[in-house]
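K.L.:
Chains as they are written, first to last, in full-length UniProt numbering: chain R, 1 to 195; chain V, 1 to 195.
Quick reminder that beta carbons are idealized off the backbone N, C-alpha and C, glycines included.
Just so it is clear, the structure is predicted and the values come from calculations on it, not from any experiment.
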DNA sequence: GTCGTCATGTAATTCGTTACATGATTTT
DNA sequence: AAAATCATGTAACGAATTACATGACGAC
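1. Assuming residue 73 of chain R and residue 52 of chain R make a contact with CB atoms under 8 Å, what is their CB distance in whole Å?
2. Pairs of beta-carbons, one from the segment 85-94 of chain V and one from the segment 44-63 of chain R, closer than 8 Å: are there three or more?
3. For residue 33 of chain R and residue 20 of chain R, I'd like the C-alpha separation in whole angstroms.
4. Considering only the alpha carbon of each residue, which of V/161, V/17, V/2 lies closest to residue 66 of chain V?
5. For the segment 85-96 of chain V, enumerate the residues whose C-beta is nearer than 9 Å to any C-beta of chain R, in chain order.
6. Assess contact between the segment 144-155 of chain R and the segment 153-166 of chain V, defined as three or more Cβ pairs (one per stretch) separated by less than 8 Å. Is contact present?
7. Could you give the residue range of the beta strand (DSSP E) that holds residue 72 of chain V?
8. Please classify residue 38 of chain R: is it buried, with 16 or more other beta-carbons within 10 angstroms of its beta-carbon, or exposed?
9. Can you tell me which of V/173, V/182, V/1, V/170 puts its alpha carbon nearest to the alpha carbon of residue 85 of chain V?
10. In chain R, which residues lie with their C-beta within 8 Å of the C-beta of residue 261 of chain V?
11. To the nearest angstrom, how far is it from the Cα of residue 163 of chain V to the Cα of residue 110 of chain V?
12. Given a threshold of 16 other Cβ atoms within 10 Å of its Cβ, counted over all protein chains shown, does residue 63 of chain R qualify as buried or as exposed?
13. Based on DSSP bridge pairs, tell me the residues matched to residue 59 of chain R.
14. Got a sec? Which residues, its chain only, sit under 7 Å from residue 23 of chain V by beta carbon, not counting five neighbours each side?
15. Tell me the rounded alpha-carbon separation between residue 13 of chain R and residue 36 of chain R.
16. Where does residue 54 of chain R fall in DSSP's three states?
17. Alpha carbon to alpha carbon, what distance is there between residue 43 of chain R and residue 71 of chain V?
18. Quick check: does the Cβ of residue 164 of chain V come within less than 6 Å of any heavy atom belonging to the ligand FAD?
19. So with Cβ pairs under 7 Å, would you call residue 66 of chain R a contact of chain V?
20. Once DSSP output is grouped into helix, strand and coil, what is the label at residue 95 of chain R?
21. Who are the neighbours of residue 57 of chain R on chain V, taking C-beta pairs under 8 Å?
22. If you draw a straight line from the C-alpha of residue 45 of chain V to the C-alpha of residue 54 of chain V, how long is it?
23. Would you list the one or two residues that DSSP bridges to residue 174 of chain R?
24. Hey, how far is the Cα of residue 175 of chain R from the Cα of residue 11 of chain V?
25. My guess is that residue 170 of chain R and residue 104 of chain R are in contact by the Cβ rule of under 8 Å, so how many angstroms apart are they, rounded?
26. Let me know if residue 117 of chain V comes out buried or exposed under the rule of 16 or more other beta-carbons within 10 Å of its beta-carbon.
27. Step through the CB atoms of chain V and report whether any lies within less than 7 Å of the CB of residue 122 of chain R.
28. Kindly list, in the order they appear in chain V, the residues whose Cβ is closer than 9 Å to that of residue 44 of chain R.
29. When you compare only the Cα positions, how much space is there between residue 134 of chain R and residue 143 of chain R?
The structure is reproduced here in structure tokens:
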């Protein structure tokens with residue numbers, strides 16, 4: 001999922017300026033899906049225009065700087081649909097919290113407890129951003145996505161609350177210098193060592 | 001979450017070569033957390049060694065090329081704990097499926113249906129990778145993470161199965177050229193247009 | 001005799017971020 | 001008077017990927 005595709009996806013909803021695109025990501029409830037800086041948006045739009053996938057017109061507005069408004073061309077629309085139809089690479093979430101959970105035996109109880117608290121706070125914050133939208137977006141385009149998000153975050157919160165003591169109990173259980181397999185499955189070291 | 005941190009996290013479990021590190025990511029059940037190529041692992045290890053966070057020794061093995069085995073130094077251990085204690089940036093998942101859900105009105109029913117099927121297949125594949133580990137890893141370091149993953153994936157599958165018709169019903173509902181707000185909340189265009 | 005595994009590394013390229021540069025207007 | 005908002009863009013930099021280069025050994 002590159003910026004180009006996200007630009008096309010947002011422009012499919014209607015024309016927008018580079019500034020608008022950034023606002024959709026930063027202030028919108030879907031910032032999980034993106035988040036991009038001007039330094040990548042403007043060049044991306046310029047390149048899309050060069051490729052003929054978007055067209056732009058300058059819009060002068062009184063009392064404000066002129067804005068360059070982009071919209072999909074027919075070719076852009078086609079490219080967007082092709083992008084959406086392409087087989088997706090599996091989602092990768094490089095999660096700080098996941099690494100902490102994996103490394104709990106090497107970390108102090110306080111570190112683990114704090115990580116759990118922070119994770120819960122973060123997921124709760126996401127829920128309180130999205131939950132008010134469930135009603136207002138029920139019959140809009142984004143209603144489904146809002147529900148998806150709320151459900152995911154709530155489920156994770158429930159899981160962590162239920163299993164936090166089990167994770168905290170793992171904290172600090174590795175003696176200094178102790179060798180633990182990352183995952184017992186494919187750790188050939190331990191097997192070789194045992195032979 | 002950069003490669004450096006993941007290297008430290010895996011090396012905290014015990015010494016490993018660059019080749020080992022890659023295997024932990026690619027073949028292990030935790031590839032969601034990472035996935036990195038040799039082109040990034042080897043330079044990362046070299047830099048960590050320069051900084052004094054890891055030490056290496058060459059291990060000659062009969063019939064196989066010699067391997068350079070890395071392990072954390074005291075400074076590396078400290079750096080690892082600091083990295084883990086640092087406040088995490090909120091997880092961002094740039095999800096292809098999420099974008100499709102958001103753009104359903106602009107896509108055909110077939111495209112949306114296929115995307116749903118692919119998503120379900122993908123999440124089910126993750127479950128069948130992780131589920132067999134629930135038992136074997138129950139009392140190991142990674143047990144918690146395995147449970148976390150299984151729960152997350154199963155919950156998402158359940159949600160999609162329950163709500164797929166609702167998403168499919170949205171497909172193709174936008175007329176060509178129609179302007180739809182990405183999210184009703186902060187779409188000033190529609191409000192301005194309505195004034 | 002070719003392909004897969006073990007093993008390390010470099011170079012070119014892509015993608016994106018941060019910081020910088022500019023400038024009018026409105027709010028505090 | 002300072003700060004925030006609207007608005008666009010470039011340049012330097014960083015992080016990671018892909019592709020390339022090398023080479024021995026074992027399996028089929």
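P.N.:
With the given structure in hand:
1. The beta-carbon separation of residue 73 of chain R and residue 52 of chain R, rounded to 6 Å, stays under the 8 Å limit for a contact.
2. no
3. 16 Å
4. V/17
5. Hits within the stretch, in order: 85, 86, 87, 88, 89, 90, 91, 92, 93, 94, 95, 96.
6. yes
7. 64-72
8. exposed
9. V/1
10. In the structure displayed, chain V extends from 1 to 195; residue 261 of chain V sits before or after that span and is not available.
11. 16 Å
12. exposed
13. For residue 59 of chain R, which the question treats as bridged, DSSP gives the partners R/67.
14. Setting aside the 5 residues that flank it on each side, residue 23 of chain V has no residue in the same chain whose C-beta is closer than 7 Å to its C-beta.
15. 18 Å
16. strand
17. Roughly 42 Å separates the two Cα atoms.
18. For the structure depicted, the ligand FAD is absent and the ligand set is empty, with no information on it obtainable.
19. no
20. Note: residue 95 of chain R maps to coil in three-state DSSP.
21. Within 8 Å Cβ-Cβ: nothing; residue 57 of chain R doesn't reach chain V, min ~15 Å.
22. 8 Å
23. Looking at the DSSP assignment, residue 174 of chain R forms no beta bridge with any residue, so it has no partner.
24. 15 Å
25. 4 Å
26. exposed
27. yes
28. What residue 44 of chain R touches in chain V: nothing, since even the nearest Cβ is about 14 Å away.
29. Cα-Cα distance, rounded: 6 Å.
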